[in-house]
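*Asks:* If you scroll down you'll find the structure; I have some questions about it.
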């Protein structure tokens, strides 16, 4: 167990100490994933959200080395969870979060995973979207994405109160295209 809390992460972010916030966030994320025993669960999803928040902090600190390493960890953990679940909402969410990790690593692979997420989301009923979209674990992952894109000058129009998974994915795809368009390598 670490001697730090989620409040430490947000305090450090507010102070502009992004690398310190990233290290704590990533540690807390791994702690959650290990406590979940790498099994599909809300704790695993929270852990992925904390890893993504660490990536967001590192991206703001221009620590590309750690962003790339954390991206690999997010993808590894999320891919294992995709294989372990048959629920479309979970598989779609996991692909979405892999997409977020690629976006933070400035890779066009984000678009591939957002598309895969959309494939899983297309047949979700409103109740599933509402129940899942308003759960705590999704706050961690969406807020990680939000802090990253805002740091890049984007302000998503997605309204969390109106839970529309496909709408969110379409917006993320458009945002990714804008953010990645300046990268001649992609």
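Residue numbers (the numbering used here): 146 to 331. We put the beta carbon where it would ideally sit given N, CA and C, even for glycine. From a predicted model like this one, the values you see are computed outputs, not experimental measurements.
On the DSSP letters alone, give me the boundaries of the alpha helix (DSSP H) that residue 213 sits inside.
*Replies:* The residue labelled residue 213 in the question sits at position 68 within the chain shown. 209–229 is the span of the alpha helix (DSSP H), which, as asked, contains residue 213.
*Asks:* If we count Cβ pairs, one from each stretch, closer than 8 Å, do we get three or more for the stretch 291–298 versus the stretch 194–209?
*Replies:* Segments in contact, yes.
*Asks:* What's the C-alpha gap between residue 191 and residue 173?
*Replies:* Against the chain shown, residue 191 aligns to sequence position 46. Against the chain shown, residue 173 aligns to sequence position 28. Roughly 9 Å separates the two Cα atoms.
*Asks:* Would residue 248 and residue 195 be called neighbours here (beta carbons separated by less than 9 Å)?
*Replies:* Counting from 1 along the chain shown, the entry for residue 248 is found at position 103. Counting from 1 along the chain shown, the entry for residue 195 is found at position 50. Not in contact: residue 248 and residue 195 (Cβ atoms no closer than 9 Å).
*Asks:* Roughly how many angstroms lie between the CA atoms of residue 154 and residue 170, to the nearest whole one?
*Replies:* Numbered from its first residue, the chain shown carries residue 154 at position 9. Numbered from its first residue, the chain shown carries residue 170 at position 25. So the alpha carbons of these two residues sit roughly 6 Å apart.
*Asks:* Going by Cα to Cα distance, which pick from 326, 325, 161 and 226 is closest to residue 182?
*Replies:* Residue 182 sits at position 37 when you count from the first residue of the chain shown. Of the candidates 326, 325, 161 and 226, the one whose C-alpha sits nearest the C-alpha of residue 182 is 226.
*Asks:* What three-state label does DSSP hand residue 274 in the structure shown?
*Replies:* By 1-based counting over the chain shown, the position of residue 274 is 129. Looking at residue 274 - three-state DSSP - the assignment turns out to be helix.
*Asks:* Where does residue 183 sit, in a helix, a strand or coil, going by DSSP?
*Replies:* In the chain shown, counting from the first residue as 1, residue 183 sits at position 38. Three-state DSSP puts residue 183 in coil, outside helix and strand.
*Asks:* Rounded to the nearest angstrom, what separates residue 164 and residue 157 at their Cα positions?
*Replies:* Position 19 of the chain shown, counting from 1, holds the residue named residue 164. Position 12 of the chain shown, counting from 1, holds the residue named residue 157. Near 9 Å, if we compare the C-alpha coordinates of residue 157 and residue 164.
*Asks:* Quick one: grab the DSSP three-state call for residue 155.
*Replies:* For the purposes of this step, residue 155 is identified with residue 10 of the chain shown, where counting begins at 1. Correct three-state label for residue 155: helix.
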